[in-house]
Amino acid sequence: MTTDGTKAPENGDRKLVAFSVSFYIVTALVMVMANKWVLNAVSVPVTFLWAQIALAVIFFHLSSLFNLFVIPKLNLKTCVALAPLITINVIGLTFNTLCLQYLDASFYQVARALVLPFTVVLSWVVLKKKSSLMVILACAIVCSGFFVGVAGEMVVFNVSLTGILFGVISSVTTATHAIVIKKSLEVVNNNTMELVYYNNILSAFALVPVIFLNSEVQGLYALFGSEENTVHIRTFIIGALVTGFFGFLINIAGFLQIKVTSPVTHMISSAVRGVLQTILAVYCFGDILTGSRVSGITLILAGSCFYTYIKDLESKQEEANRSKDGYEKV
């Protein structure tokens with residue numbers, strides 16, 4: 000059994016699971032680091048996000064020319080059914096990007112640490128799944144890591160409260176996203192690639208009004224309307240191409256990982272990615288690892304690992320009880 004009570008993968012499936020997790024971590028790391036590089040140079044984060052998604056859609060169409068992907072015909076009924084997924088995706092991506100713009104890449108992990116607690120809360124509220132005291136304790140450890148990291152940064156660096164708020168909102172949407180993806184797959188007959196395509200093209204349309212809401216039209220004019228911004232324009236274009244391609248890959252990686260594993264595995268691999276991301280941020284952007292950041296990340300990982308251990312024990316106990324009940328009935 001897996002940590003969320005589903006059947007454990009067979010040996011052949013384990014290779015697919017290992018590949019999907021590794022694939023997700025690598026693509027996610029490239030995306031975050033490239034995003035931060037561009038966001039340090041330009042002030043139009045939502046427009047940059049839109050460019051990534053639009054390019055990802057273009058890559059889908061290019062792949063169809065080589066018969067690697069069949070472009071589905073857009074269906075109004077399907078679009079309406081996928082509205083919850085698109086809404087969560089647009090909100091999540093927007094606040095992810097804004098959080099990364101306001102905060103250091105190494106602190107980004109702490110700001111988005113509440114994914115696990117929100118996952119447990121949503122499972123209770125939406126799916127009516129109650130959690131044990133040990134699971135609640137694990138969430139408390141994660142929350143303590145978040146507060147230790149945030150409190151320390153506010154004292155030492157006067158970290159952006161806006162960035163932290165964006166990180167919290169991002170945590171809520173990330174926790175919701177995995178649940179919504181599972182339900183959305185049913186809308187497209189469990190076709191992962193079709194769902195990825197719908198998710199990208201509809202999100203691209205949905206992000207257009209967000210660009211105006213974030214007042215980026217003037218920023219776009221300032222960026223592309225001056226010859227003095229040649230370096231920044233080049234950074235924007237190169238960054239968009241790189242993140243657009245890896246955005247195309249990360250969509251596949253994220254959906255594939257959730258499909259072949261579980262939301263819990265997805266959350267754990269995200270935590271591993273966060274640690275690697277913190278290390279890379281120190282070397283690439285010169286981020287400073289303060290005691291509060293290290294302590295916060297350590298507590299967050301400890302709570303996440305403890306959660307996984309407890310859920311594994313609980314799933315094994317449930318399996319043992321079912322086997323015992325079946326034996327007694329026979």
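Here the sequence shown is numbered in numbering that gives the first Met the number 0, starting from 0 and rising by one per residue.
Where a beta carbon is used, it is the ideal one built from N, C-alpha and C, also for glycine.
A quick note: this is a predicted structure, and the numbers were derived from the prediction, not measured.
Would you report the Cα separation of residue i and residue j, rounded to the nearest angstrom?
i	j	result
L298	L64	48 Å
P8	F146	At P8, the pLDDT of 46 sits below 50, so the modelled position is not reliable; the number obtained from the coordinates is stated separately. The straight-line gap from Cα to Cα measures roughly 36 Å.
L97	G290	25 Å
S130	E318	17 Å
I70	S143	46 Å
I309	V119	13 Å
F59	I200	10 Å
V209	D286	30 Å
I87	H176	6 Å
G243	P44	14 Å
V134	S303	10 Å
I24	K72	31 Å
E226	G166	35 Å
F117	A174	6 Å
K128	K315	17 Å
L113	S170	6 Å
I198	I168	At residue 198 the sequence reads Asn, which differs from the Ile that was named. Their Cα atoms are separated by approximately 20 Å.
L54	V89	16 Å
Counting only the same chain and skipping the five closest in sequence on each side, list residues whose C-beta sits under 7 Å from that of residue i.
i	result
C283	M32
A27	I249, R272
K331	Past the edges of the chain, shown from 0 to 329, lies residue 331, and the structure says nothing about it.
L81	S183, V186, Y197, L201
Since residue i is in the alpha helix (DSSP H), which residue starts that stretch and which ends it?
i	result
G166	160 to 186
G218	216 to 223
T289	No alpha helix (DSSP H) contains T289, which DSSP labels as neither H nor E.
E227	Careful: E227 lies outside any alpha helix (DSSP H) and carries neither H nor E.
What would DSSP say about residue i, mapped onto helix, strand or coil?
i	result
A112	coil
S130	coil
V125	coil
K14	helix
F68	coil
D103	coil
L73	coil
L81	coil
V207	helix
S42	coil
N190	coil
N213	coil
N157	coil
Who are the Cβ neighbours of residue i in its own chain at under 8 Å, not counting the five residues just before and after it?
i	result
L48	L92, T93, T96, L206
S159	Y101, L102
E152	F106, V109, V158, T289, S291, R292
S202	I52, I85, N88, V89, L92
For residue i, which residues from the same chain have a beta carbon less than 6 Å from its beta carbon, with the 5 sequence-adjacent residues on both sides left out?
i	result
T161	Y101
G218	S42, V43
Should residue i be listed as close to the ligand SAM, given that the test is whether its C-beta is under 6 Å from any heavy atom?
i	result
I140	No copy of the ligand SAM appears in this structure; indeed no ligand is present at all.
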